[in-house]
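Worksheet for the structure shown next.
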Amino acid sequence: MADALSVIPAFVLRNLSDKLYEKRKNAALEVEGIVKQLASAGDHEKITAVINLLTNDFTMSPQANHRKGGLIGLAAATVGLTSDASQHLEQIVPPVLNSFSDQDSRVRYYACEALYNIAKVVRGDFIVFFNQIFDALCKLSADSDASVQSAAHLLDRLVKDIVTESDQFSIEEFIPLLRERMNVLNPYVRQFLVGWITVLDSVPDIDMLGFLPDFLDGLFNMLSDSSHEIRQQADSALSEFLHEIKNSPSVDYGRMAEILVQRASSPDEFTRLTAITWINEFVKLGGDQLVPYYADILGAILPSIADKEEKIRVVARETNEELRNIKAFPSEGFDVGAILSIARRQLSSEHEATRIEALHWISTLLNRHRTEVLIYLDDVLDSLLQALSDPSDEVVLLVLEVHACIAKDQQHFRQLVVFLVHNFRINNSLLEKRGALIIRRLCVLLNAERVYRELSTILEGESDLDFASVMVQALNLILLTSSELSDLRDLLKKSLVNAAGKDLFVSLYASWCHSPMAIISLCLLAQSYQHASVVIQSLVEEDINVKFLVQLDKLIRLLETPVFAYLRLQLLEPGRYIWLLKALYGLLMLLPQQSTAFKLLRTRLKTVPPYSFSGEHFKMSGLNIHEDGDPSQDAGNYRNGINFAARLQQFEHMQHEHRLRAKEQTLPRTSTPPSMTTTGVENSEETGRTIPTPAPAPTSAAASASAAAPETNRPPSRSRRGLGQLQL
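The numbers in full-length UniProt numbering rise by one with no breaks, and the one at position 550 of the sequence shown is 550.
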């Protein structure tokens, strides 16, 4: 200190702390001259003493004017040192940097000015303090004083020039500081940071692209800034980096992919669009590097397919197709389970487009990695089954394709049908709204006969008889009306002459017994007219309820459709198809006369050529005539290996079970004394009709047929109105 006081005159020190800028400036010039002389003499000890004096007595003084004088004095000393300044920077720069946080804005301003002058002198030697200077400038860029901000901007430009010229700049040491500062929200700081990133990226010797993952998230964060200028600068910087990525042979796609996936779900539209655009390019360029990140990328792409902004939707769809076209294998790190999990999760998306693409992915995985997908089948099966209730028909059809692909194996086929029946059982609306669509599509995808046989097997043992009846009625209606099942109908028409048709008829018969109208429809379809007539005759009062009549009404209307054209044409030969006539008249007798169905069927029967049921017509050449007018030797009980008597017993047994179940459901809700049950009559609260105790059913088709035989015949000449006037 004493050496410094002996070198610097007292008046200089006094003026250095004066409140007037001009006096401080003149004193600084004196200091510059003194230091220059000492430097020429090589007396660095005294130079150090002068710097310490300026630091301790001035820059650290509680008086603002002293601090201002100290800063201008240090800058003057640096100018006086010229080329020797580098060896004293450790003493000169720190006190100046400390002054950047001074409470007095004028002191902060002079600190900027002092450091500016110091930097002009030392240039490249200045780099060793870069991180501290950058940190200080980062704070000053958001200073509350406009003059300080202006001074900081001038200093910032000079520092950028020095860095771009220097070969001593260490990007590795700088990146951690940059990464930390990227989270700042202040718009001035953000502008400052983007400016530095752009400048450093323009320096050929600085590999900013290699460190892009460290500050990429910060740049994306700026895309949603309230300032248009900042958003524009951030977008410009990102566009430049993306251009470099396209032309770079080595890029760390993985780390950046994680960032992009997160930003793709940003609430800001511009951020989402930029993120999806980057992902699109990464999928095209990334290759093997991106394989482990496919699941994460897919998780970002699928929701974006249904984004409210069209631009995002277009890019997302393109990216999705690119990703799906890439054929990767588990041995390469392709995680089938993770991809499947993402697709399953998106099945519950509120957006139809997303659900559709999720199903396309599951289908693609099944086609390419079936073995791996089946390992995770239990994880996705419930979601796939729930998707059958989707409000979108397109989604349901795609779900069925996925189910069909899974069900190629018999084990999984059985499991699918069991699950499907279970879902229909617990979700009545699914059967009502989607039943026909689901069954028809499965028949196309998995073979109609196979599907119906399996459904029949399951329903045959169904414990919930009410559900079984409803399900069979639905299946029967689909069988009779769907164009997809035309081959199945053709096969059933050959039940009496074809082994395959017989097997199918017998298979369906077991479960069709749950519904009288389904059995009658099946017999009419199989041209088993005698058995149809016998079944009709076997019905008791309890069977003919409102539900039965509704189903009968549907059947009568279906008889007028092209599906039963063959049956209507057979009515042209009443003598040959006498059992068909008896069956139709039997149905007519069950219908209320004022119903539309009664009038429709009666009108049809009026068109039948005149014919009467006489005993002689049941005999031709000494042989009994049954079914399609062909001879049979066992009164219709056997035909093509079908034991119709056994089938009738099977039907009657099942209907007896249904009647018992109906009584069980009625009993708890009745107040009828037990003594009344012995009379064979119970009152049903549900139907409001009398339910008699089941009477013994006919034991054979022949007995039923004889019971139904006509009592009188009319001469042909009096049968002007056809069979509609016959007395039965």
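Positions of the beta carbon are idealized from the N, C-alpha and C atoms, including for glycine.
Alpha-carbon spacing of residue i relative to residue j, whole angstroms
{"i": "K311", "j": "E281", "result": "15 Å"}
{"i": "R576", "j": "H514", "result": "31 Å"}
{"i": "I578", "j": "E350", "result": "59 Å"}
{"i": "L572", "j": "Y529", "result": "15 Å"}
{"i": "P187", "j": "R179", "result": "16 Å"}
{"i": "N117", "j": "Y110", "result": "10 Å"}
{"i": "S224", "j": "E172", "result": "28 Å"}
{"i": "F270", "j": "R231", "result": "9 Å"}
{"i": "V477", "j": "L488", "result": "One point to set straight first is that residue 477 is Leu, not Val, in the sequence displayed. If I take the Cα positions, the gap works out to 13 Å."}
{"i": "D466", "j": "I439", "result": "20 Å"}
{"i": "L581", "j": "F651", "result": "22 Å"}
{"i": "H656", "j": "V540", "result": "10 Å"}
{"i": "F58", "j": "V7", "result": "16 Å"}
{"i": "H88", "j": "L155", "result": "20 Å"}
{"i": "T48", "j": "Q262", "result": "54 Å"}
{"i": "H626", "j": "L508", "result": "Note that H626 scores a pLDDT of 42, beneath 50, so its modelled location is shaky and nothing firm can be said."}
{"i": "S202", "j": "F126", "result": "20 Å"}
{"i": "N52", "j": "Q191", "result": "37 Å"}
{"i": "V93", "j": "T277", "result": "45 Å"}
Min CB distance residue i to chain D below 8 Å
{"i": "P176", "result": "Of the protein chains in this structure there is only one, and it is not chain D."}
The alpha helix (DSSP H) enclosing residue i, as first and last residue numbers
{"i": "T371", "result": "370 to 375"}
{"i": "V291", "result": "Where V291 is concerned, there is no enclosing alpha helix (DSSP H), given that its DSSP letter is neither H nor E."}
{"i": "F644", "result": "644 to 666"}
{"i": "S538", "result": "529 to 538"}
{"i": "T198", "result": "187 to 201"}
{"i": "C523", "result": "516 to 526"}
{"i": "M471", "result": "465 to 481"}
{"i": "F548", "result": "546 to 558"}
{"i": "K582", "result": "578 to 590"}
{"i": "H88", "result": "Element bounds for H88: n/a, residue is neither H nor E."}
{"i": "H403", "result": "393 to 406"}
{"i": "C443", "result": "428 to 446"}
{"i": "A565", "result": "565 to 570"}
{"i": "T59", "result": "Premise fails: T59 is in no alpha helix (DSSP H) and is neither H nor E."}
{"i": "H153", "result": "146 to 165"}
{"i": "Q346", "result": "336 to 346"}
{"i": "N221", "result": "212 to 222"}
{"i": "N640", "result": "Run containing N640: none; DSSP gives neither H nor E here."}
Integer Cβ distance of residue i from residue j, believed to fall under 8 Å
{"i": "E32", "j": "A85", "result": "Going by Cβ atoms, the distance from E32 to A85 rounds to 12 Å, so no, they are not a contact pair."}
{"i": "V563", "j": "L480", "result": "6 Å"}
{"i": "A275", "j": "A264", "result": "4 Å"}
{"i": "Y294", "j": "F334", "result": "7 Å"}
{"i": "H475", "j": "Y452", "result": "Note that residue 475 is Leu in the sequence shown here, rather than His. The Cβ separation is near 7 Å, so the contact holds."}
{"i": "L398", "j": "I356", "result": "6 Å"}
Cβ-based neighbour list, residue i, same chain, cut-off 6 Å, excluding 5 preceding and 5 following
{"i": "A468", "result": "L459, E462, H514"}
{"i": "L5", "result": "none"}
{"i": "S482", "result": "R440"}
{"i": "D307", "result": "R313"}
{"i": "V184", "result": "none"}
Which listed residue (the options) has its alpha carbon closest to that of residue i
{"i": "D503", "options": "Q473, R450, K547, F548", "result": "R450"}
{"i": "V128", "options": "H153, S486, D143, S166", "result": "S166"}
{"i": "S236", "options": "S392, S227, L219, D252", "result": "L219"}
{"i": "L591", "options": "T364, I642, L154, V550", "result": "V550"}
{"i": "I206", "options": "V163, A41, S266", "result": "V163"}
{"i": "L605", "options": "L209, A583, L20", "result": "A583"}
{"i": "R157", "options": "R639, D145, C138", "result": "C138"}
{"i": "S533", "options": "P391, I520, L140", "result": "I520"}
{"i": "A234", "options": "I175, V251, Y253, T198", "result": "T198"}
{"i": "G42", "options": "G80, I642, R67", "result": "G80"}
{"i": "A75", "options": "D102, L53, M60, A119", "result": "A119"}
{"i": "S538", "options": "V251, M517, R639", "result": "M517"}
{"i": "Q346", "options": "P249, H658, D379, P303", "result": "P303"}
{"i": "V159", "options": "L601, N640, E484, D135", "result": "D135"}
{"i": "K599", "options": "A387, Y585, P391", "result": "Y585"}
{"i": "residue 730", "options": "M60, G73, A358", "result": "Outside the displayed range of the chain (1 to 728) lies residue 730, so it cannot be described from this structure."}
Sequence-distant residues of its chain with Cβ nearer than 7 Å to residue i (five each side left out)
{"i": "R317", "result": "I305"}
{"i": "R14", "result": "none"}
{"i": "L400", "result": "I438, R441, L442, L445"}
{"i": "L365", "result": "V336, I339, L340, V373"}
{"i": "L416", "result": "H403, I406, A407"}
{"i": "D393", "result": "L437"}
Close Cβ partners of residue i (< 8 Å) along its chain, the five nearest in sequence each way excluded
{"i": "L491", "result": "E449, N498, A500, G501, L504"}
{"i": "L446", "result": "A404, A407, F413"}
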